[in-house]
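*Asks:*
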Amino acid sequence: MPWSIIGQDRAVAALERALREGRVAHAYLFVGPERVGKHTLALKLAQALNCEAGATAMGAPLAAPARPAPEPCGECAPCRRIAGGLHADVQTVGVEEGEEGAQKGIHVSQVRDVERSAALKPFEGRSRFVIIDPAEEMNAAAQNAFLKTLEEPPPQVVFALVTADESRLLPTIRSRCRRLELRLPAMSEVEAALAARGVEAERARLLARLSRGRIGWALEAAADASLLERRQELLSQARALASMTVAQRLELAERLAGDFKRKPEALFAALEAWRDWWRDVLLVQAAAGDGVANVDRLAELREDAARYSRPGLAEFVRAVGEAGRNLGENAQPRLVLETLLLGAPRAAEPARR
Ligand SMILES: [Zn+2]
1 MPWSIIGQDR
11 AVAALERALR
21 EGRVAHAYLF
31 VGPERVGKHT
41 LALKLAQALN
51 CEAGATAMGA
61 PLAAPARPAP
71 EPCGECAPCR
81 RIAGGLHADV
91 QTVGVEEGEE
101 GAQKGIHVSQ
111 VRDVERSAAL
121 KPFEGRSRFV
131 IIDPAEEMNA
141 AAQNAFLKTL
151 EEPPPQVVFA
161 LVTADESRLL
171 PTIRSRCRRL
181 ELRLPAMSEV
191 EAALAARGVE
201 AERARLLARL
211 SRGRIGWALE
221 AAADASLLER
231 RQELLSQARA
241 LASMTVAQRL
251 ELAERLAGDF
261 KRKPEALFAA
271 LEAWRDWWRD
281 VLLVQAAAGD
291 GVANVDRLAE
301 LREDAARYSR
311 PGLAEFVRAV
321 GEAGRNLGEN
331 AQPRLVLETL
341 LLGAPRAAEP
351 ARR
């Protein structure tokens with residue numbers, strides 16, 4: 001299947017219809033949780049708009065079909081170049097490594113660059129295509145500049161705004177985009193997709209559970225065993241938190257806060273694993289084992305479920321989520337982590353339920 005986007009039939013159908021009817025919008029908003037395929041789907045739309053196979057399939061002349069294909073073939077030269085990030089007319093704008101101390105985000109200078117290139121005719125294809133991902137990282141000045149572009153969109157340009165948090169975009173930007181919502185696929189869909197790619201059945205089941213529907217993560221973990229190993233280490237760390245002394249907790253907070261500046265994603269992965277572990281423990285306590293993500297570590301989950309008190313765990317799971325949000329909003333990482341770790345479950349606590 002040329003779109004090969006798992007679990008997003010509605011969004012795909014909307015795009016196919018627009019392509020077939022020649023009613024592709026100037027700007028799209030791809031909305032949905034992390035790692036469900038928003039960026040991938042945007043790239044597929046760029047392919048469909050520039051694909052050279054469509055016209056031949058419909059019986060039109062071989063060279064330079066005038067209309068976009070209703071779906072990308074994935075095989076022709078433009079499709080391949082777009083997939084490889086080599087197509088001159090397809091551009092992705094993201095958060096750039098700023099200078100030390102500079103505010104992180106997508107800056108107005110980047111939007112001005114987009115404006116300039118968008119005004120040019122396509123070099124090699126039919127359509128220019130600009131992906132802004134994550135679009136909500138445009139700062140206020142960048143959003144205002146981009147709004148001007150959207151108010152008078154240059155011809156032959158399609159913008160794709162990719163976001164997991166549309167509330168941070170100006171309503172005036174959102175209202176000028178056609179909105180496509182991507183959802184979390186069901187675990188069974190992820191499992192089937194992995195199996196179809198030759199992943200062994202038991203492993204496919206585990207990865208599907210761990211992914212919680214984030215197909216991008218599942219595919220990556222299927223291809224790269226170190227990802228799962230790293231996750232197992234983080235889960236062991238989640239368990240070990242409970243046996244740490246106050247001094248050890250403060251030391252860990254300091255170390256993680258130091259690493260956060262260089263590799264924020266590593267800390268977010270750790271927080272996610274901590275939360276997942278203790279949420280699983282809560283699920284086991286509530287005898288709701290069906291929802292457990294870490295099915296391969298059920299024995300340890302049961303041990304912890306018998307050892308810790310439920311209200312404390314629930315509070316910690318909530319606090320991990322809050323810490324993640326605070327860190328995302330540039331709060332003091334060391335303070336956030338100290339508070340979080342001092343509130344982590346304690347092994348000495350007697351089991352109460
Ligand atoms: Zn193609």
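Going by the working numbering, the sequence shown opens with residue 1, and the numbers climb by one from there. C-beta atoms are modelled at their ideal positions from N, C-alpha and C, and glycine is treated no differently.
(1) Let me check one thing: in DSSP terms, what residues is R178 bridge-paired to?
(2) Quick one: grab the DSSP three-state call for I6.
(3) Kindly identify the DSSP beta-bridge partner or partners of V157.
(4) Considering only DSSP beta bridges, list what M138 is partnered with.
(5) Runs of 3 residues minimum, wholly inside the segment 174 to 236: which ones carry the beta strand (DSSP E) assignment?
(6) Quick check on D224: buried or exposed, where buried means 16 or more other Cβ atoms within 10 Å of its Cβ?
(7) Helix, strand or coil for T339 per DSSP?
(8) With respect to 7 angstroms, is the separation between the Cβ of A83 and the closest non-hydrogen atom of ligand 1 below this value?
(9) Here's the rule: buried if 16 or more other CB atoms are within 10 angstroms of the residue's CB, otherwise exposed. What is R176?
(10) Between the segment 157 to 165 and the segment 25 to 37, do at least 3 Cβ pairs fall closer than 8 angstroms?
(11) Anyone know if the C-beta pair for E181 and R174 falls short of 8 angstroms?
(12) May I ask you to check if the CB of P68 is nearer than 7 angstroms to at least one heavy atom of ligand 1?
(13) Please tell me whether, using a cut-off of 7 angstroms, the distance from the CB of A53 to the nearest non-hydrogen atom of ligand 1 is below it.
(14) For S236, tell me which candidate among A319, A119, W274 has the shortest Cα-Cα distance.
(15) Ligand 1 and C73: does the residue's C-beta get closer than 7 angstroms to at least one heavy atom of that ligand?
(16) Measure the Cβ-Cβ separation of P345 and W277 and say whether it is below 8 angstroms.
(17) Among the residues of its own chain, which have a CB less than 6 angstroms from the CB of L337, if the five just before and after it don't count?
(18) By the three-class DSSP mapping on this structure, what secondary structure does Q285 have?
(19) For P350, I'd like the list of residues in its chain whose CB is within less than 6 angstroms of its CB, leaving aside the five on either flank, ordered along the chain.
(20) For ligand 1, is there any heavy atom lying closer than 7 angstroms to the beta carbon of P122?
(21) Which residues in the same chain as A222 place their Cβ atom closer than 8 angstroms to its Cβ, once the five residues preceding and following it in sequence are excluded?
(22) Return the CA-CA distance between T56 and A77, expressed in angstroms with no decimal places.
(23) Excluding sequence positions up to five away, which residues of its chain have a Cβ less than 7 angstroms from the Cβ of A14?
(24) Which first and last residues belong to the beta strand (DSSP E) in which T40 is found?
(25) Between V108 and the rest of its own chain, which residues show a CB-CB distance below 7 angstroms, the 5 nearest in sequence each way excluded?
(26) I want to check one thing, is the minimum distance from the CB of P78 to the heavy atoms of ligand 1 below 7 angstroms?
(27) Beta carbon of Q332, beta carbon of A305: below 8 angstroms?
(28) I want to check one thing, is the minimum distance from the CB of Q47 to the heavy atoms of ligand 1 below 7 angstroms?
(29) Do you know how far the Cα of G7 is from the Cα of R297?
(30) Is the Cβ-Cβ distance between V90 and F129 less than 8 angstroms?
(31) Report yes if the C-beta distance between A83 and L43 is below 8 angstroms; otherwise report no.
(32) Span of the alpha helix (DSSP H) holding Q248?
(33) Leaving out the 5 sequence neighbours to the left and right, which residues in its chain are closer than 6 angstroms to A192 when beta-carbon positions are compared?
(34) Do you know how far the Cα of K121 is from the Cα of R20?
(35) Going by C-alpha to C-alpha distance, which of L327, Q110, L301, R178 sits closest to L271?
*Replies:* Checking against the coordinates, here is how it stands:
(1) Y28
(2) coil
(3) R128
(4) I106
(5) 178 to 181
(6) exposed
(7) helix
(8) no
(9) buried
(10) yes
(11) no
(12) no
(13) yes
(14) W274
(15) yes
(16) no
(17) A253, L256, A257
(18) helix
(19) With a pLDDT of only 48 at P350, under the threshold of 50, the placement of this residue in the model should not be trusted, and no figure is reported.
(20) no
(21) L194, R197, V199, R203, A204, L207
(22) Any answer about T56 is weak, because its pLDDT of 46 lies below 50 and its placement is not dependable; what the coordinates show is given next. Going by the C-alpha atoms only, they are around 14 angstroms apart.
(23) L180
(24) Here T40 belongs to no beta strand (DSSP E); instead the alpha helix (DSSP H) covers 38 to 50.
(25) A141, A142, A145
(26) yes
(27) no
(28) yes
(29) 28 angstroms
(30) yes
(31) yes
(32) 246 to 262
(33) none
(34) 23 angstroms
(35) L327
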